[in-house]
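Novice: Mind having a look at this structure? Questions to follow.
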Amino acid sequence: MNDSVNPSASSDENSDNSVLTNPTLVLNCGSSSIKYALISEDESTRITGLAENLGLDTARIKHTALNGEKLEIAIPGGRHKLALQKVLELLEQYHFIAVGHRGVHGGREYSEAVKVNDHVLSEVKRLKSLAPLHNPANALGIEAVQAIYPDIPQVVVFDTAFHQTMPPVAYRYPIPKALYEEEKIRRYGFHGTSHAYVSERASQLTEANDPQGWLTAHLGNGCSATAVYDGKSLDTSMGLTPLEGLMMGTRSGDVDPSLHIHLKRQLGMSLEDVDKMLNSESGLLGISGLSNDLRTVEQAANEGHKDAELAIEMFAYRVGKYLASLSCALPEFTGIVFTGGIGENSATTRARILNVMRHFGIAFDADKNKSLVGGAEGRFESDDSSIELWVIPTDEECQIAKETRQTLGLD
Ligand code: ADP
5 MNDSVNPSAS SDENSDNSVL TNPTLVLNCG SSSIKYALIS EDESTRITGL
55 AENLGLDTAR IKHTALNGEK LEIAIPGGRH KLALQKVLEL LEQYHFIAVG
105 HRGVHGGREY SEAVKVNDHV LSEVKRLKSL APLHNPANAL GIEAVQAIYP
155 DIPQVVVFDT AFHQTMPPVA YRYPIPKALY EEEKIRRYGF HGTSHAYVSE
205 RASQLTEAND PQGWLTAHLG NGCSATAVYD GKSLDTSMGL TPLEGLMMGT
255 RSGDVDPSLH IHLKRQLGMS LEDVDKMLNS ESGLLGISGL SNDLRTVEQA
305 ANEGHKDAEL AIEMFAYRVG KYLASLSCAL PEFTGIVFTG GIGENSATTR
355 ARILNVMRHF GIAFDADKNK SLVGGAEGRF ESDDSSIELW VIPTDEECQI
405 AKETRQTLGL D
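So for the sequence shown, the working numbering puts the first residue at 5; every next one is plus one.
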């Protein structure tokens, strides 16, 4: 490839195609990035990569080949469509048999993964108003595959689908009924693929009797928590959009709904200004004044930075408070599952969150907690704990590949 910025890397990566039997291509198309994974039928082997900085001249694909070799490809102009074409070119030699897309907003219609047809594609586009950053990118991904491989079946696995089992008491907002009936204003929930994966995994790993009730805490840049009982989402922290709920990297999570009007009256801020502030300038970044990355904030706190300390305290307090309230949705409380970059790696944040929930009789082994970092899976409650505590690294790609195969009857 003549536009490779790392000419020493070879694009001839097919040392052994046989280990990638009947692979499914998983595409996660976002507003400025495309993550992809090619996953073998038995889920044991995968090729992964990322197209980043889309929309900018610095756009590039970072690809890890089957033999571990790294390859970088520049995307002149940074266009989504070109990036997708290059990704498909790179993977063509593996003869993938299906494509599974991470869809963000599926609205009310989709309660499970769905095979792509004209109606599904038009729904993904129509729901742009509810997920303006994500749904248009999802549609581009679907169309790019359709244009090059019209015969390869595609499936969309919506982030919202897993939460369609929530009862009205959890998904309705206490606002006039017509807004729900005519405008579909309700709580949808997000990160469904991750909550589904880790709760299912916890149910496989535990010795507790069925049915189990889990609180799953997906703590990454975006953060959400879900109450899952007997494999079904009963309530979750995100709502109509992924802004509601927990404090996140740059998102505020819950604030007083009157904040918009107050800031408009007091400061003359427009609705767009307030929206941008709540989505991009708040959360860990807004409180610490330093970064949305917990590692940076933790380091500053260790050096005595007061705002960084407060950001971490607030983050943990708000997660603990939310988990406590979500426990009300569970008929049975088996345990808490931590996942996402923070949930999987920051033992101190896990400890702080559990200390917030001190009335629940939760007790954990501090050494076991500290050992569960860097992709380790395991449980860390102590014998006298009222509930189980798990760290389970999420694997949304694997879940999407599995649901894609199931939807197409390939499993
Ligand atoms: P995304 O939501 O973009 O997928 P991730 O799940 O990768 O995000 O999570 C990113 C967050 O995880 C960042 O706040 C990052 O600081 C945090 N994180 C990753 N590794 C560590 C670590 N070792 N210690 C503390 N925080 C970590």
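The beta carbon of each residue, even a glycine, is placed where N, CA and C say it ideally should be.
Going by alpha carbons, who is nearest to Gly226 out of Phe194, Ser37 and His84?
Specialist: The residue labelled residue 226 in the question sits at position 222 within the sequence shown. Nearest C-alpha to Gly226: Phe194.
Novice: Quick check: what's the CA-CA separation for Ile265 versus Lys129?
Specialist: Residue 265 sits at position 261 when you count from the first residue of the sequence shown. Residue 129 sits at position 125 when you count from the first residue of the sequence shown. Answer to the nearest angstrom: the Cα atoms are 30 angstroms apart.
Novice: How about the segment 206 to 224 and the segment 388 to 396: do they share at least three Cβ pairs that are nearer than 8 angstroms?
Specialist: yes
Novice: What is the rounded straight-line gap between the Cα of Asp234 and the Cα of Arg191?
Specialist: Residue 234 sits at position 230 when you count from the first residue of the sequence shown. Residue 191 sits at position 187 when you count from the first residue of the sequence shown. Answer to the nearest angstrom: the Cα atoms are 21 angstroms apart.
Novice: Is the beta carbon of Ile404 less than 9 angstroms from the beta carbon of Val161?
Specialist: Position 400 of the sequence shown, counted from the start, is the residue given in the question as residue 404. Position 157 of the sequence shown, counted from the start, is the residue given in the question as residue 161. Yes, they are a contact pair.
Novice: Taking the alpha carbon of Ile346 as the reference point, which residue from Asn283, Pro178, Leu247 and Leu288 has its own alpha carbon closest?
Specialist: Reading the sequence shown from its first residue, position 342 is the one you call residue 346. Nearest of Asn283, Pro178, Leu247 and Leu288 to Ile346, Cα basis: Leu288.
Novice: Answer yes or no: the CB of Ile346 versus the heavy atoms of the ligand ADP, is any distance below 8 angstroms?
Specialist: On the sequence shown, position 342 is the one that residue 346 refers to. Yes, the ligand ADP has a heavy atom inside 8 angstroms of this Cβ.
Novice: Cβ of Glu302 within 8 angstroms of any heavy atom in the ligand ADP?
Specialist: Locating residue 302 in the sequence shown gives position 298, where the first residue counts as 1. Within the cutoff, so yes.
Novice: In chain order, what residues of the same chain have a beta carbon less than 6 angstroms from the beta carbon of Asp20, not counting five sequence neighbours either side?
Specialist: Walking along the sequence shown from the start, residue 20 turns up at place 16. The predicted model places Asp20 with a pLDDT of 49, which falls under 50 and marks its position as unreliable; any figure quoted below should be read in that light. Nothing listed; no residue qualifies.
Novice: Quick one, are the C-beta atoms of Phe342 and Met251 less than 9 angstroms apart?
Specialist: By 1-based counting over the sequence shown, the position of residue 342 is 338. By 1-based counting over the sequence shown, the position of residue 251 is 247. Going by C-beta atoms, Phe342 is not nearer than 9 angstroms to Met251.
Novice: Rounded to whole angstroms, what is the Cα-Cα separation between Pro80 and Ile101?
Specialist: Taking the first residue of the sequence shown as position 1, residue 80 is located at position 76. Taking the first residue of the sequence shown as position 1, residue 101 is located at position 97. For Pro80 and Ile101, the distance between alpha carbons rounds to 29 angstroms.
Novice: Following the continuous beta strand (DSSP E) through Gln158, name the residue where it begins and the one where it ends.
Specialist: Along the sequence shown, read from residue 1 onward, the residue named residue 158 stands at position 154. For Gln158, the uninterrupted beta strand (DSSP E) segment begins and ends at Gln158 to Phe162.
Novice: Is the separation between the beta-carbon of Leu60 and that of His67 shorter than 9 angstroms?
Specialist: Counting from 1 along the sequence shown, the entry for residue 60 is found at position 56. Counting from 1 along the sequence shown, the entry for residue 67 is found at position 63. No, these two residues do not count as a Cβ contact at 9 angstroms.
Novice: How close, in whole Å, do the beta carbons of Tyr201 and Glu400 come, if the pair is a contact with beta carbons under 8 angstroms?
Specialist: Working through the sequence shown from its first residue, we reach residue 201 at position 197. Working through the sequence shown from its first residue, we reach residue 400 at position 396. Sure, about 7 angstroms apart at Cβ, within 8 angstroms.
Novice: If you follow the beta strand (DSSP E) that Glu56 is in, where does it begin and where does it stop?
Specialist: Here residue 56 refers to the residue found at position 52 of the sequence shown. Arg50 to Glu56 is the span of the beta strand (DSSP E), which, as asked, contains Glu56.
Novice: Shorter than 8 angstroms, the distance from the beta carbon of Gly378 to the closest heavy atom of the ligand ADP, or not?
Specialist: As a working mapping, residue 378 is identified with position 374 in the sequence shown. Gly378 Cβ: within cutoff of the ligand ADP.
Novice: Spatial neighbours of Arg176 within its chain, please: C-beta separation below 8 angstroms, excluding the five flanking residues on both sides.
Specialist: For the purposes of this step, residue 176 is taken as residue 172 along the sequence shown, with counting starting at 1. Hits under 8 angstroms: Tyr184, Arg190 and Arg191.
Novice: Could you check whether the Cβ of Ser284 sits closer than 8 angstroms to any heavy atom belonging to the ligand ADP?
Specialist: Taking the first residue of the sequence shown as 1, we reach residue 284 at position 280. Incorrect: Ser284 has no Cβ contact closer than 8 angstroms to the ligand ADP.
Novice: Please report the residue range of the beta strand (DSSP E) in which Val23 lies.
Specialist: Sequence index remark: in the sequence shown, residue 23 carries index 19 (1-based). Taken as a continuous stretch (DSSP letters only), Val23 belongs to no beta strand (DSSP E), as it is neither H nor E.
Novice: Can Gln97 and Ala148 be called in contact, C-beta distance under 9 angstroms?
Specialist: Within the sequence shown, the letter at position 93 stands for residue 97. Within the sequence shown, the letter at position 144 stands for residue 148. No.
Novice: For Ile179, count neighbouring C-beta atoms within 10 Å of its own C-beta (all shown protein chains included) and say buried if the count is 16 or more, exposed if not.
Specialist: The residue given as residue 179 occupies position 175 in the sequence shown. Counting Cβ neighbours within 10 Å, Ile179 comes out exposed, since fewer than 16 surround it.
Novice: Relative to the C-alpha of Thr353, which candidate in Ser262, His363, Thr338 and Gly224 has its C-alpha closest?
Specialist: Position 349 of the sequence shown, counted from the first residue, corresponds to residue 353. For the residues Ser262, His363, Thr338 and Gly224, the minimum Cα distance to Thr353 belongs to Gly224.
Novice: Got a sec: does the ligand ADP put a non-hydrogen atom nearer than 8 angstroms to the Cβ of Arg299?
Specialist: Position 295 of the sequence shown holds residue 299. Indeed, a heavy atom of the ligand ADP lies less than 8 angstroms from the Cβ.
Novice: Compute the beta-carbon to beta-carbon distance between His109 and Leu144, rounded to the nearest angstrom, for a pair I have assumed lies under 8 angstroms.
Specialist: As a working note, residue 109 is residue 105 in the sequence shown. As a working note, residue 144 is residue 140 in the sequence shown. Actually they are not in contact, since the Cβ atoms of His109 and Leu144 sit about 15 angstroms apart, beyond 8 angstroms.
Novice: How many Å lie between Glu313 and Asn296 at the Cα?
Specialist: Taking the sequence shown and counting its residues from 1, one reaches residue 313 at position 309. Taking the sequence shown and counting its residues from 1, one reaches residue 296 at position 292. Between Glu313 and Asn296, the C-alpha separation is close to 14 angstroms.
Novice: Contact defined as beta carbons within less than 8 angstroms: I believe Ser115 pairs with Ala174. What is the distance between those atoms, to the nearest angstrom?
Specialist: To locate residue 115, count along the sequence shown from 1; it is residue 111. To locate residue 174, count along the sequence shown from 1; it is residue 170. That belief does not hold up - the Cβ atoms of Ser115 and Ala174 are roughly 15 angstroms apart, past 8 angstroms.
Novice: Alpha carbon to alpha carbon, what distance is there between Gln270 and Lys416?
Specialist: This structure gives no information on residue 416, because the portion of the chain shown stretches from 5 to 415.
Novice: Between Lys85, Ile43, Gly339 and Leu244, which has its C-alpha nearest Asp214's C-alpha?
Specialist: In the sequence shown, residue 214 corresponds to position 210, counting from 1. Comparing Cα-Cα distances from Asp214 to each of Lys85, Ile43, Gly339 and Leu244, the minimum goes to Gly339.
Novice: Could you give the C-beta distance for Leu282 and Met273, rounded to a whole number, given that I count them as a contact under 8 angstroms?
Specialist: Sequence index remark: in the sequence shown, residue 282 carries index 278 (1-based). Sequence index remark: in the sequence shown, residue 273 carries index 269 (1-based). Contact doesn't hold; Cβ gap of about 11 angstroms is too wide.
Novice: Report the three-state DSSP secondary structure of His195 (helix, strand or coil).
Specialist: Residue 195 sits at position 191 when you count from the first residue of the sequence shown. Correct three-state label for His195: coil.
Novice: May I ask which residues mark the beginning and end of the alpha helix (DSSP H) holding Asp277?
Specialist: One-based indexing of the sequence shown puts residue 277 at position 273. Leu275 to Ser284 is the extent of the alpha helix (DSSP H) around Asp277.
Novice: When DSSP builds the beta bridges, which residues end up paired with Leu42?
Specialist: Translated into the one-based positions of the sequence shown, residue 42 becomes position 38. Answer by DSSP bridge pairing, in chain order: Leu29 and Ile51.
Novice: Which two residues bound the contiguous alpha helix (DSSP H) that contains Arg299?
Specialist: Translated into positions along the sequence shown, residue 299 becomes position 295. Per DSSP, Arg299 belongs to the alpha helix (DSSP H) from Leu298 to Asn306.
Novice: Give me, in chain order, the residues of the same chain whose beta-carbon lies closer than 8 angstroms to that of Ser331; leave out the 5 immediate sequence neighbours on both sides.
Specialist: For the purposes of this step, residue 331 is identified with residue 327 of the sequence shown, where counting begins at 1. Closer than 8 angstroms at the Cβ level, and outside the excluded window around Ser331, lie Leu219, Ala231, Phe337 and Phe364.
Novice: What three-state label does DSSP hand Tyr153 in the structure shown?
Specialist: In the sequence shown, counting from the first residue as 1, residue 153 sits at position 149. Looking at Tyr153 - three-state DSSP - the assignment turns out to be coil, as it is neither helix nor strand.
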